[in-house]
Amino acid sequence: MMELPLIKKTAQIRQMTLPTPFLVGPVNTYLIWSDALVLIDTGPKTEEAQGQLLRRLREMNLRPKDIDRVILTHHHPDHIGMTHVFQEHADIIGHPKMEPWLRKDMSFFEERRTFFAGFYRQHGMPENWIQEIEQGNRYYMKYTEENRFDGSLQEGDEIDGVPGWRIIETPGHAETHISLWNERDGTMIAGDHLIGHISSNAILEAPYEKNKPRPKTLLKYRDAMKKCRGAAIVYPGHGEDITEPDRLIDERLHEQTSKAAVFKKWLEEKEKTAFEVCQQMYPKMYSKQPALTFSETLGHFDLLEELGEITSREENGRIWYKSV
Ligand SMILES: [Zn+2]
1 MMELPLIKKT AQIRQMTLPT PFLVGPVNTY LIWSDALVLI DTGPKTEEAQ GQLLRRLREM
61 NLRPKDIDRV ILTHHHPDHI GMTHVFQEHA DIIGHPKMEP WLRKDMSFFE ERRTFFAGFY
121 RQHGMPENWI QEIEQGNRYY MKYTEENRFD GSLQEGDEID GVPGWRIIET PGHAETHISL
181 WNERDGTMIA GDHLIGHISS NAILEAPYEK NKPRPKTLLK YRDAMKKCRG AAIVYPGHGE
241 DITEPDRLID ERLHEQTSKA AVFKKWLEEK EKTAFEVCQQ MYPKMYSKQP ALTFSETLGH
301 FDLLEELGEI TSREENGRIW YKSV
């Protein structure tokens, strides 16, 4: 097995990189060592990740019970999978929207499944792809463990036991996403909000409250990136440290508007559904990653609509897009 070293970032911060079974590769978890010991993210629920996590802790003469608090940046399995290792002694905390994910609330999952089935149909996705996506979601759930949720963190909250650190809400990649911001030195621990070597996807989500419109995740993601300008260094959930975060933010914002222009081209000659354009834009990839490619497509449609570049209309339960 690949051994990923323990990395000392500052006197206060250690990085523990853990293997994941996912395409994204290893995940970075962080330990803030202050009056309290706070772990940021846990890695997925796999034997390999758990073995590595325990070894890294041992190298610092720590045991899981020494961790006072586990803060989860967002609800994806590579970040929340191993909360059970710490549940006996640590508070498990995150954004309020994290609760049903962590508790594995079956009615919440069923509501989302129903929402997405109807939603994908509206956008022209055939049934076999809808089922494929549902299957994929069940597969990811295997890498998390049901747990309790001990408290929520929201915009501006201080973190008990680690003076100087505050929570900054960074929705987009996930509706549950929060980052940690050190106001003294501009350090940010950003989960998957900013990643250097790949662009983080604004994944589609269902509304958290019944009868509310779905969140436009790419638009939220862009706002949350703009909000994070001015950080000195960003420690991400995957890959290397980001030493020029403002430059990366500008690059990402620009990439999105350029990509939106490419999406718009597909809508020039005639009206289409989002799924049709998704297939044209990603002729090979859409069948391997239907949820992700569809998220990308619709996210950029949301952006184009906001910019007044395309319009949509509904007819017989189907949504059609056209460039203006
Ligand atoms: Zn991740």
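Once you know that position 288 of the sequence shown is 288 in the UniProt record's numbering, the rest is easy, because the numbers rise by one and skip nothing. Think of the CB as a built atom: it goes at the ideal place given N, C-alpha and C, for glycine as much as any other residue.
Closest by C-alpha distance to Met141, when choosing among Ile92, Glu155 and Gly81: Gly81
The stretch 75-92 / the stretch 103-116 touching (three or more Cβ pairs under 8 Å): no
Backbone secondary structure at Tyr143 - three-state DSSP: In the three-state reduction of the DSSP assignment, Tyr143 falls in the coil class, being assigned neither a helical nor a strand state.
Opening and closing residue of the alpha helix (DSSP H) in which Pro77 lies: It spans Pro77 to Ile80 - the alpha helix (DSSP H) in which Pro77 sits, taken as one unbroken run.
Simplified DSSP assignment, three categories, for Thr55: For the sequence presented, residue 55 should be read as Arg rather than Thr. Helix at Arg55.
Run of the beta strand (DSSP E) containing Tyr30, from where it starts to where it stops: Val27 to Trp33
Proximity test, His300 beta-carbon vs ligand 1 heavy atom, cut-off 6 Å: no
Buried or exposed by the 16-neighbour rule on C-beta atoms within 10 Å, applied to Ile198: exposed
Heavy atom of ligand 1 within 6 Å of Asp41 beta-carbon: no
Residue range of the beta strand (DSSP E) that includes Lys8: Leu6 to Lys8
Close beta carbons around Tyr139, own chain, < 7 Å, minus the five adjacent residues each side: Closer than 7 Å at the Cβ level, and outside the excluded window around Tyr139, lies no residue.
Proximity test, Asp192 beta-carbon vs ligand 1 heavy atom, cut-off 6 Å: True, at least one ligand heavy atom lies under 6 Å from that Cβ.
Gly81 Cβ short of 6 Å to ligand 3 heavy atom set: This structure lacks ligand 3; its bound ligands are ligand 1.
For Asn182: DSSP bridge partner residues: Trp165
Contact between the stretch 155-163 and the stretch 189-207 (3+ Cβ pairs under 8 Å): no
Gly124: CB within 6 Å of a non-hydrogen atom of ligand 1: Gly124 Cβ: outside cutoff for every heavy atom of ligand 1.
Simplified DSSP state of Glu315, which is helix, strand or coil: strand
Reduced DSSP category for Val234 - H, G, I as helix; E, B as strand; rest coil: strand
Buried versus exposed call for Ala232 [16 or more other C-beta atoms within 10 Å across all chains shown]: exposed
Integer Cβ distance of Thr170 from Ala224, believed to fall under 8 Å: 4 Å
C-beta contact flag for Ser152 and Pro96 at 7 Å: yes
Distance, Ile67 Cα to Val38 Cα: Rounded to the nearest angstrom, the two C-alpha atoms are 6 Å apart.
Asp241 beta carbon near ligand 1 (any heavy atom closer than 6 Å): no
Validate contact between the stretch 271-282 and the stretch 233-249 using beta carbons, cut 8 Å, 3 pairs: Too few Cβ pairs lie closer than 8 Å, so no.
Three-pair Cβ contact test at 8 Å for the stretch 117-137 versus the stretch 101-108: no
Run of the alpha helix (DSSP H) containing Gln256, from where it starts to where it stops: Pro245 to Lys265
Cβ-heavy atom distance, Gly237 to ligand 1, below 6 Å: yes
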